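A.B. asks:
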Amino acid sequence: MTKPRLTSKEITEHLTPPPGITIPPYPARRDRIYRTSLLVFTFFLAVVGVGYEVPIKWVGTVGHVGASVALLVAGWTFLVWLSNWRWLVRSLVIAGAVVAFFPSLSLLSWAFTLGASAIMAAKETHCFHFWAGRVIPWYALGVGLSLLVGMDHIIEGLLWLGMAGLWAALMAGRLRLPLFVID
Numbered sequence: 781m782t783k784p785r786l787t788s789k790e791i792t793e794h795l796t797p798p799p800g801i802t803i804p805p806y807p808a809r810r811d812r813i814y815r816t817s818l819l820v821f822t823f824f825l826a827v828v829g830v831g832y833e834v835p836i837k838w839v840g841t842v843g844h845v846g847a848s849v850a851l852l853v854a855g856w857t858f859l860v861w862l863s864n865w866r867w868l869v870r871s872l873v874i875a876g877a878v879v880a881f882f883p884s885l886s887l888l889s890w891a892f893t894l895g896a897s898a899i900m901a902a903k904e905t906h907c908f909h910f911w912a913g914r915v916i917p918w919y920a921l922g923v924g925l926s927l928l929v930g931m932d933h934i935i936e937g938l939l940w941l942g943m944a945g946l947w948a949a950l951m952a953g954r955l956r957l958p959l960f961v962i963d
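Quick note: the sequence shown uses my numbering, first residue 781, plus one each step.
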């Protein structure tokens, strides 16, 4: 059963922190940047998946760097009440994006990037009950373990395409909501 669509007022009430917690203003422009960067992140996850399937090595590298940089932008515009969580996500995406430029450390970069994306997906689900957000953190853990084990390229590619599909499902729900504005 599909949840009814929230109005802008209901979203603002839902996102208003409890007394004692203050968050910086969140203009609509920032939410637009957040959504766009998550869409770009989703696209580059698909590029990573395709990179495992084609014999051109740089395709996967471009996907990896693109996904890490897109998530860096999303992480910087990520809306969460608690500053500790905000800075944890920002630290993870910064580390993931910086380390992505060193191919020998790609596993470490993916650890940071997947960790940040799992937190972001879980937060989206906590607020808006998207089914994909409940799956993404566990799926990210599975993808990370598959990177450690070193599975067949076809399976790895399919896992990355699955991750892109989950993010696409989450973003489809997110894009149906009005832009968030917190003054």
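Ideal Cβ positions, reconstructed from N, Cα and C, are used throughout, including at glycine. Predicted, not measured: the structure shown is a model, and the values here were computed from it.
1) Would you mind reading off the limits of the alpha helix (DSSP H) that contains Pro917?
2) Thinking C-alpha only, which one of Tyr832, Ala847, Leu957 is nearest Phe881?
3) Quick check: what's the CA-CA separation for Ala891 versus Lys903?
4) Beta-carbon within less than 6 Å of Leu894's beta-carbon, same chain only, minus the 5 sequence neighbours each way: which residues are those?
5) Compare the C-alpha of Val830 against each of Glu936, Thr816, Ser871, Ser884 and name the closest.
6) Name the two residues that bound the continuous alpha helix (DSSP H) containing Tyr832.
7) Could you tell me the distance, in whole angstroms, from the CA atom of His844 to the CA atom of Thr816?
8) Please specify which runs of the alpha helix (DSSP H), each continuous and at least 4 residues long, are wholly inside the stretch 843-909, giving them in chain order.
C.D. replies: By the coordinates alone:
1) 911-929
2) Ala847
3) 18 Å
4) Ala920, Gly924
5) Glu936
6) 808-833
7) 17 Å
8) 863-880, 886-908
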